[in-house]
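Engineer:
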Amino acid sequence: MDMQLGAYETAVRQRLRAWDESGFARRLWAKDPTLWFEREEPEIVDRLGWLTLPDDMAPRVPELTAFGAEAQSEGIRHVVLLGMGGSSLAPEVFQRTLGSKPAYPSLIVLDSTHPDAVRAVDAAIDPAETMFVVSSKSGTTLETLSGFRYFWSQTARTLDRPGRRFVAVTDPGSPLEDLAKSRVFRAVFSAPADVGGRYSALTMFGLVPAALIGVDLERLLDAAATMAHRSGPAVTASASPGLRLGAAMGELALAGRDKLTFLVSPTLRAFPDWLEQLVAESTGKDGKGIVPIAGEPPADPGEYGQDRLFVSYHIDGEPVPGTDGVVAAGHPLITIPLAGVYELSAEMFRAEMATAAAGSVLGIHPFNQPDVQLAKTLAREAMEAEEGAAEPIEAVRLSEPGFITSVGAFLGTVDTGDYVALQAYVPRNAENESVLQRLRIGLRARTGAATTVGFGPRFLHSTGQLHKGGANNGVFIQIVDEPSSDVPVPEVDYSFGKIIRAQADGDYRAMRGRGRRVLRIDLGRGTLAEMEQTWPA
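Each position in the sequence shown, counted from 1, maps to that position plus 293 in this note's numbering.
#1: CB-CB under 8 Å to serine 692, same chain, minus the five flanking residues each way: which ones, in chain order?
#2: Tell me whether serine 638 is buried or exposed, calling it buried when 16 or more other Cβ atoms sit within 10 Å of its Cβ.
#3: How should alanine 546 be labelled, buried or exposed, when 16 other C-beta atoms within 10 angstroms of its C-beta is the threshold for buried?
#4: Among residues of its own chain, excluding the 5 on either side of glycine 737, which ones have a beta-carbon nearer than 6 Å to its beta-carbon?
#5: Where does phenylalanine 660 sit, in a helix, a strand or coil, going by DSSP?
#6: Can you grab the Cα-Cα spacing for the pair glutamate 645 / phenylalanine 660, in whole Å?
#7: Under three-state DSSP, which class holds proline 781?
#8: Can you grab the Cα-Cα spacing for the pair leucine 374 / leucine 469, in whole Å?
#9: Check whether the stretch 331–344 and the stretch 491–500 are in contact - that is, three or more C-beta pairs closer than 8 Å.
#10: Measure how close the beta-carbons of glycine 378 and arginine 491 come, nearest whole angstrom, since I'm counting them as under 8 Å.
#11: Which residue spans inside the stretch 782–819 form an unbroken alpha helix (DSSP H) run of at least 4?
#12: Measure the Cβ-Cβ separation of aspartate 798 and leucine 753 and say whether it is below 8 Å.
#13: Does the stretch 775–794 come close enough to the stretch 756–763 that 3 or more CB-CB pairs lie under 8 Å?
#14: Tell me which same chain residues have a C-beta within less than 6 Å of the C-beta of leucine 346, skipping the five on either side of it?
#15: Is serine 653 helix, strand or coil by DSSP?
#16: To which residues of the same chain is phenylalanine 748 closer than 6 Å at the C-beta, ignoring the five residues directly before and after it?
#17: Verify whether the separation of the beta carbon atoms of proline 591 and alanine 573 is less than 8 Å.
#18: If I follow the unbroken beta strand (DSSP E) through aspartate 295, where does it start and stop?
#19: Straight-line CA distance for isoleucine 814 to glutamate 333?
#20: Report the option in Gly489, Asp774, Ala396 and Asp786 whose CA atom is closest to the CA atom of proline 408.
#21: So what does DSSP say about serine 755, is it helix, strand or coil?
#22: Can you name the residues that DSSP bridges to proline 585?
#23: Give the secondary structure of isoleucine 697 by DSSP, where H, G and I count as helix, E and B as strand, and everything else as coil.
#24: Return yes when the Cβ of valine 427 is within less than 8 Å of the Cβ of alanine 461, no when it is not.
#25: Could you please give the first and the last residue of the uninterrupted alpha helix (DSSP H) stretch that includes tyrosine 443?
#26: Within a Cβ cutoff of 6 Å, which residues of the same chain sit near glycine 432, ignoring the five residues on either side of it in sequence?
#27: In terms of DSSP beta bridges, what is valine 373 paired with?
#28: Can the beta-carbon of glutamate 422 be found less than 8 Å from the beta-carbon of arginine 370?
#29: Which residues does DSSP pair with proline 630 in a beta bridge?
#30: If you follow the alpha helix (DSSP H) that phenylalanine 897 is part of, which residue opens it and which one closes it?
#31: Going by DSSP in three states, arginine 523 sits in which element: helix, strand or coil?
#32: Considering just the uninterrupted stretch of the beta strand (DSSP E) at phenylalanine 459, what are its terminal residues?
#33: Where does serine 531 fall in DSSP's three states?
#34: With a Cβ-Cβ cutoff of 8 Å, do serine 699 and valine 707 count as a contact?
#35: Return the chain-ordered list of same chain residues with a C-beta closer than 7 Å to the C-beta of proline 781, the five sequence neighbours on each side being excluded.
#36: Mapping DSSP to helix, strand and coil, what is alanine 675?
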């Protein structure tokens, strides 16, 4: 790892020296909660299990590998993961970066409640040739259980024993574990309760889906174990890969460089989505936070504001678009090379340690998510409210003549140091992703601000904590639509369409309640592509 920090190098060196003097590394591995607060806080000591996961999970490799081979031998062609946030992001990165072993199934992640997204997954699979992984730490995640109910119903139409096509991953004793037993799931895998969702890539949440697509789990864990040992309790902070990165992240955020911008080589293009949740949900609270910028199209270095810290990840030999000229333009740059794709797990471990350490610099709790529940509560209230009982949410409609003027006026509120977040409650597909990326380029050129994109409700389990609990420097554009047709959720009295609109309403009200700048755009039956045509220049 090469750190070119310019004027910030002194502060980072001083932080590392102070950590060496206080025994930070040793105390971290001893799970000392006073690294973050003088008094012990909940969800610290009992959330540090990720430190030893690479070694702890190694004995489970033969069992998991055999499970994956057994499923493959039965002709399973797809693995559909029903999960959100920490339950889905690592498996998605494993599929997109490591890929499936030849003759093994491919992984499809459903982390949306948009009816069109549910239908798209349904159309892509044959339930008789699909293994469904129902993944939820709490065992109560609304999106996950709704997806389960839908695909259980679809599978039961084809198979006499639908449970043979379902696997649960959850914490011991959760409602999902009870459900899996009552429906006679093929298997239930328990994850350690002392590992939070965003730190759970190397628990069963990541390893079960990885095994089903034929990932070499021994190689994956070995790479992470090597990084863990390089960052071990006897290693000084100034020599620890994780603590060096964490000191830089924390100190530069304190100095105003709080937009942690990831630049990656092509093979690693999925990795920032996982990093985004880790950083945003861990640091975005108490009016503070590091804002991860994932997947933003590169710009000329002179276009970036003075609030950026760039971190570049690349596979050896692969170029990284956007890094040329960054340092010359006065921006700090951290460069992290990977010898091969299986070092992905090592970088996950480094990032986890760095994020936990950066939390100590910022004086925040890196393992809780105190503002996530508010949006969930408001969404539940919206679902349970009688038709028309809730106060309507003001929206700018694509069909209205004042659309351009309204959006332009809202963008006029963007100030130096802000970021603009596009929150799109639409299906996550190639066309919509392309439109949103083009909009990011235009927004950055118009405002000079960093930009983020999140598909709802997926982002609620990733950056949602930062949006509501972090600094009030976000400018949020929430985009909703009317699905082409709704999809009922079996066994309950609501639909996917009702869920996703309630989730958008709940998050909108939560953000407004926290004094955030937020504009809702209602596409109606229109599309993002149509909106792009009328977007203010």
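For glycine and all other residues, C-beta sits at the position ideal for the given N, C-alpha and C.
Note that the coordinates shown come from a computational prediction; the quantities given were computed from them, not determined experimentally.
Structural biologist: Taking the coordinates as given:
#1: Your numbering for residue 692 matches position 399 in the sequence shown. Hits under 8 Å: Gly817 and Gly819.
#2: The residue labelled residue 638 in the question sits at position 345 within the sequence shown. The residue in question, serine 638, is buried, as its Cβ has 16 or more Cβ neighbours within 10 Å.
#3: To locate residue 546, count along the sequence shown from 1; it is residue 253. Counting every other CB atom within 10 Å of its CB across the protein chains shown gives alanine 546 a total of 16 or more, marking it as buried.
#4: Stepping through the sequence shown from its first residue, residue 737 is reached at position 444. One detail in the question is off: residue 737 reads as arginine in this sequence, not glycine. Excluding residues up to 5 positions away in sequence, Thr744 lie with their Cβ nearer than 6 Å to the Cβ of arginine 737 in the same chain.
#5: In the sequence shown, counting from the first residue as 1, residue 660 sits at position 367. Here DSSP, grouped into helix, strand and coil, assigns phenylalanine 660 to coil.
#6: To locate residue 645, count along the sequence shown from 1; it is residue 352. To locate residue 660, count along the sequence shown from 1; it is residue 367. If you draw a straight line from the Cα of glutamate 645 to the Cα of phenylalanine 660, it is about 11 Å long.
#7: To locate residue 781, count along the sequence shown from 1; it is residue 488. Strand at proline 781.
#8: The count along the sequence shown starts at 1 and reaches residue 374 at position 81. The count along the sequence shown starts at 1 and reaches residue 469 at position 176. One C-alpha to the other measures close to 15 Å.
#9: Output reads yes: the stretch 491–500 touches the stretch 331–344.
#10: Residue 378 sits at position 85 when you count from the first residue of the sequence shown. Residue 491 sits at position 198 when you count from the first residue of the sequence shown. Their Cβ separation, rounded to whole angstroms, is 7 Å, which keeps glycine 378 and arginine 491 in contact under 8 Å.
#11: Taking only runs of at least 4 residues, the alpha helix (DSSP H) segments lying wholly in the stretch 782–819 are 789–806.
#12: Along the sequence shown, read from residue 1 onward, the residue named residue 798 stands at position 505. Along the sequence shown, read from residue 1 onward, the residue named residue 753 stands at position 460. No; because the gap between Cβ atoms is not below 8 Å, this pair is not in contact.
#13: No: the two stretches stay apart, fewer than three of their Cβ pairs being nearer than 8 Å.
#14: On the sequence shown, residue 346 is found 53 positions in, with the first residue counted as 1. Within the same chain, leucine 346 has close Cβ partners Leu495.
#15: Taking the first residue of the sequence shown as position 1, residue 653 is located at position 360. Looking at serine 653 - three-state DSSP - the assignment turns out to be helix.
#16: The residue given as residue 748 occupies position 455 in the sequence shown. In its chain, beyond the 5 residues on either side, Ala717 and Arg721 have a beta carbon closer than 6 Å to the beta carbon of phenylalanine 748.
#17: As a position in the sequence shown, residue 591 is number 298, starting the count at 1. As a position in the sequence shown, residue 573 is number 280, starting the count at 1. Not in contact: proline 591 and alanine 573 (Cβ atoms no closer than 8 Å).
#18: One-based indexing of the sequence shown puts residue 295 at position 2. Where aspartate 295 is concerned, the enclosing beta strand (DSSP E) stretches over 295–297.
#19: Taking the sequence shown and counting its residues from 1, the one referred to as residue 814 is at position 521. Taking the sequence shown and counting its residues from 1, the one referred to as residue 333 is at position 40. Here the C-alpha atom of isoleucine 814 lies approximately 44 Å from the C-alpha atom of glutamate 333.
#20: Locating residue 408 in the sequence shown gives position 115, counting from the first residue. Checked all of Gly489, Asp774, Ala396 and Asp786; the closest Cα to proline 408 is Asp774.
#21: One-based indexing of the sequence shown puts residue 755 at position 462. Three-state DSSP puts serine 755 in coil, outside helix and strand.
#22: Locating residue 585 in the sequence shown gives position 292, where the first residue counts as 1. DSSP output for proline 585 lists Leu553 as bridge partner(s).
#23: Indexing the sequence shown from 1 puts residue 697 at position 404. Note: isoleucine 697 maps to helix in three-state DSSP.
#24: Along the sequence shown, read from residue 1 onward, the residue named residue 461 stands at position 168. Along the sequence shown, read from residue 1 onward, the residue named residue 427 stands at position 134. Between alanine 461 and valine 427, the gap from beta carbon to beta carbon is short of 8 Å.
#25: As a working mapping, residue 443 is identified with position 150 in the sequence shown. Unbroken alpha helix (DSSP H) run through tyrosine 443: 435–449.
#26: Reading the sequence shown from its first residue, position 139 is the one you call residue 432. Only residues of its own chain outside the window of five on either side were considered, and among them Thr463, Ser467, Pro468 and Leu469 have a CB closer than 6 Å to the CB of glycine 432, listed in chain order.
#27: Position 80 of the sequence shown, counted from the first residue, corresponds to residue 373. In the DSSP output, where bridge partners are listed per residue, valine 373 has Ile401 and Phe425.
#28: Along the sequence shown, one-based indexing puts residue 422 at 129. Along the sequence shown, one-based indexing puts residue 370 at 77. A contact, by the Cβ cut-off of 8 Å.
#29: By one-based count along the sequence shown, residue 630 stands at place 337. His607.
#30: Past the boundaries of the shown model lies residue 897; the chain is included only from 294 to 830, so the question cannot be answered.
#31: Sequence index remark: in the sequence shown, residue 523 carries index 230 (1-based). In the displayed model, arginine 523 falls within a helix according to three-state DSSP.
#32: One-based indexing of the sequence shown puts residue 459 at position 166. Boundaries of the beta strand (DSSP E) harbouring phenylalanine 459: 459–463, taken from the DSSP string.
#33: Against the sequence shown, residue 531 aligns to sequence position 238. Note: serine 531 maps to helix in three-state DSSP.
#34: Here residue 699 corresponds to residue number 406 of the sequence shown, with the count starting at 1. Here residue 707 corresponds to residue number 414 of the sequence shown, with the count starting at 1. No, these two residues do not count as a Cβ contact at 8 Å.
#35: Here residue 781 corresponds to residue number 488 of the sequence shown, with the count starting at 1. These residues qualify, in order along the chain: Ser788.
#36: Sequence index remark: in the sequence shown, residue 675 carries index 382 (1-based). Helix.
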